[in-house]
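Undergrad:
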Amino acid sequence: MTLIGQSPLVTVSCVVAVILLTAPQPGRAGTYQNATSLLDTLLTRSGYNAQVRPLLNQDDTLYVLLMFQLLSIVEVNDVTQSFTCNGFMVILWQDQVRCSGSSSSSSSSSSSRVVVVVIAVIVVVVLVVVVVVVVVVVVVGGGGGVVVIVVVVVVVVVLVVAVVVVVVVVVVVVVVAAVIILAVVVGGGK
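Mature numbering (1 follows the signal peptide of the UniProt record, and there is no 0) puts the sequence shown at residues -29 to -1, 1 to 161.
So this is what it looks like as structure tokens:
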């Protein structure tokens, strides 16, 4: 079976070319000079955020993966045994620097974790108290009216506590997100 009714040689050459072009080509970009060149040409130093990604280490080697991403074969020419295609180059590299956030962002995230843990403990304690109260009222009390009133009060209290917990968690998440976004925006200009 041939592509678009062409000769087998064109078909085989097209398939081989597509396989070779779309296979990842790993390579070593070199050291600091190549990484700086890549940074200048692709990221531009004006948009480089030193707060999010620290300055490059001159001893680090940058590994780059080049790959041609084939979109479509436009034309196969049997006479010249060539083909025309649409595609784009993919350039991937990984930052070898193990970067950590600024001290202000890490302290805010750890404090938000503490708030979430405290809220979870409060919810568990409230639920345990509710279960104990319901069991005690049902076992000790014999009156049906008292049990219904206590159960209704306990359910209302649990619902109010749940709503308060949800509101507090949402507020904490929004505040932490706003602080992180502000830190990135302010840090990006430096």
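Quick reminder that beta carbons are idealized off the backbone N, C-alpha and C, glycines included.
Rounded to the nearest angstrom, how far is the Cβ of residue 47 from that of residue 54, given a contact under 8 Å?
TA: The sequence position of residue 47 within the sequence shown is 76, counting from 1. The sequence position of residue 54 within the sequence shown is 83, counting from 1. Indeed they touch by this definition, with Cβ atoms about 5 Å apart.
Undergrad: In the DSSP assignment, what are the bridge partners of residue 130?
TA: Position 159 of the sequence shown, counted from the start, is the residue given in the question as residue 130. DSSP output for residue 130 lists no bridge partner at all.
Undergrad: In this structure, how does DSSP classify residue 50 when only helix, strand and coil are distinguished?
TA: Position 79 of the sequence shown holds residue 50. Coil, per DSSP.
Undergrad: Put residue 61 into one of helix, strand or coil per three-state DSSP.
TA: Residue mapping note: residue 61 aligns to position 90 of the sequence shown, counting from 1. Note: residue 61 maps to strand in three-state DSSP.
Undergrad: Sort 128, 49 and 59 by Cα distance to residue 43 and report the nearest one.
TA: Looking up residue 43 in the sequence shown gives position 72. Selected option, being the one with the closest Cα: 59.
Undergrad: Which value, in whole angstroms, describes the spacing of the CA atoms of residue 93 and residue 140?
TA: Start at 1 with the first residue of the sequence shown, and residue 93 comes out as number 122. Start at 1 with the first residue of the sequence shown, and residue 140 comes out as number 169. The alpha-carbon atoms of residue 93 and residue 140 are separated by roughly 13 Å.
Undergrad: What residues match up with residue 153 in a beta bridge as DSSP calls it?
TA: On the sequence shown, residue 153 is found 182 positions in, with the first residue counted as 1. According to DSSP, which records beta bridges pairwise, residue 153 is partnered with nothing at all.
Undergrad: How is residue 45 classed by DSSP in three states: helix, strand or coil?
TA: Along the sequence shown, one-based indexing puts residue 45 at 74. Three-state DSSP puts residue 45 in a strand.
Undergrad: Work out the CA separation of residue 148 and residue 154 for me, nearest whole Å.
TA: Position 183 of the sequence shown, counted from the first residue, corresponds to residue 154. Position 177 of the sequence shown, counted from the first residue, corresponds to residue 148. Straight-line Cα distance between these residues: approximately 10 Å.
Undergrad: Give the straight-line distance between the Cα atoms of residue 130 and residue 124, rounded to the nearest whole angstrom.
TA: Within the sequence shown, numbered from 1, the residue matching residue 130 stands at position 159. Within the sequence shown, numbered from 1, the residue matching residue 124 stands at position 153. When rounded, the distance between both Cα atoms is 10 Å.
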